[in-house]
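According to UniProt numbering, the sequence shown holds residues 1 to 178 in order.
Glycine included, each C-beta is placed from N, C-alpha and C at the ideal position.
Reviewing the structure listed below.
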Amino acid sequence: MAGFYRSKYKPTVPAAASVPRDSEYHYMLSTQFESCDARRAFPCFDEPNLKATFDFEIEIPEDQTALSNMPEKEVKKGNKSGTKIVSFDRTPVMSTYLLAWAFGDFEYIEDFTRRKYNGKNLPVRVYTTRGLKDQGKLALESAHQVVDYFSEIFRIEYPLPKVDLLAVHEFVCYLILV
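Here it is, written out as structure tokens:
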């Protein structure tokens with residue numbers, strides 16, 4: 001899985017009407033750019049040592065959820081009937097392979113870091129396709145502890161205003177941090 005790709009899954013509950021599907025599977029879309037696959041999705045200088053900020057927006061079906069590295073900035077009516085345009089805050093300076101986005105019929109469970117970052121406890125969410133959020137409980141219990149632990153041990157503040165984990169079907173290496 002590289003670039004911007006789709007993953008298939010067997011639904012456990014009825015999905016949003018706009019979810020791409022065939023007779024057996026539903027589909028979600030997400031990215032995996034490490035280490036130099038961002039070029040598969042958009043024109044860029046796709047080398048890990050070259051860095052930039054990113055202003056990202058995506059037009060998706062209005063009954064689906066879009067995720068990216070940064071929090072949503074704005075949601076407005078899309079150019080086509082039944083769509084919406086989701087804009088996200090500007091990223092910090094980073095390599096192209098760190099940019100991530102996904103969209104699909106997602107739901108989430110949420111907790112917060114115990115440690116404060118820029119004066120606030122960070123929201124930590126585990127996103128799954130509809131009907132599977134309870135399977136994310138262990139990941140949620142661990143995620144805030146991992147962020148706090150590594151921030152302390154390396155003495156580096158977590159640089160983003162949120163932590164989102166997405167369970168991607170057919171991608172068995174790890175959860176995607178967006």
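Residue i, DSSP secondary structure in three states
i, result
"Arg-39", "helix"
"Asp-89", "coil"
"Ala-100", "coil"
"Ala-108", "According to the sequence displayed, residue 108 carries Tyr and not Ala. Looking at Tyr-108 - three-state DSSP - the assignment turns out to be strand."
"Ile-156", "coil"
"Glu-59", "strand"
Where residue i falls, given that 16 or more other Cβ within 10 Å makes a residue buried
i, result
"residue 209", "Since the displayed the chain opens at 1 and closes at 178, residue 209 lies outside it and no answer follows."
"Ala-143", "buried"
"Lys-133", "buried"
"Val-126", "buried"
"Leu-138", "exposed"
"Ser-35", "exposed"
CA-to-CA distance, residue j to residue i, given in whole angstroms
i, j, result
"Ile-156", "Asp-148", "10 Å"
"His-169", "Lys-84", "24 Å"
"Val-86", "Lys-51", "24 Å"
"Lys-73", "Phe-88", "5 Å"
"Phe-4", "Lys-120", "32 Å"
"Leu-165", "Ser-81", "30 Å"
"Gln-64", "Ala-15", "10 Å"
"residue 179", "Val-146", "Because residue 179 is not part of the residues shown, which for the chain are 1 to 178, the question remains open."
"Ala-17", "Leu-67", "19 Å"
"Phe-150", "Pro-48", "22 Å"
"Asn-19", "Glu-57", "For clarity, residue 19 is Val in the given sequence; the question names Asn instead. Cα to Cα, Val-19 sits roughly 19 Å from Glu-57."
"Tyr-25", "Arg-6", "12 Å"
"Lys-116", "Val-124", "13 Å"
Contact under 8 Å by Cβ, residue i with residue j
i, j, result
"Ile-153", "Gly-136", "no"
"Thr-91", "Thr-31", "no"
"Asp-46", "Thr-128", "no"
"Lys-10", "Tyr-27", "no"
"Val-75", "Leu-122", "no"
"Glu-107", "Gly-78", "no"
"Phe-33", "Leu-99", "yes"
"Leu-160", "Gly-104", "no"
"Phe-40", "Ala-2", "Before going further, note that residue 40 is Arg rather than Phe in the sequence given. In this structure, Ala-2 lies closer than 8 Å to Arg-40 by Cβ."
Per DSSP, the bridge partner or partners of residue i
i, result
"Pro-48", "Looking at the DSSP assignment, Pro-48 forms no beta bridge with any residue, so it has no partner."
"Tyr-27", "Lys-8"
beta-carbon residue i near the ligand NAD non-hydrogen atom, thresh 7 Å
i, result
"Lys-137", "As for the ligand NAD, it is missing from this structure, which has no ligand bound."
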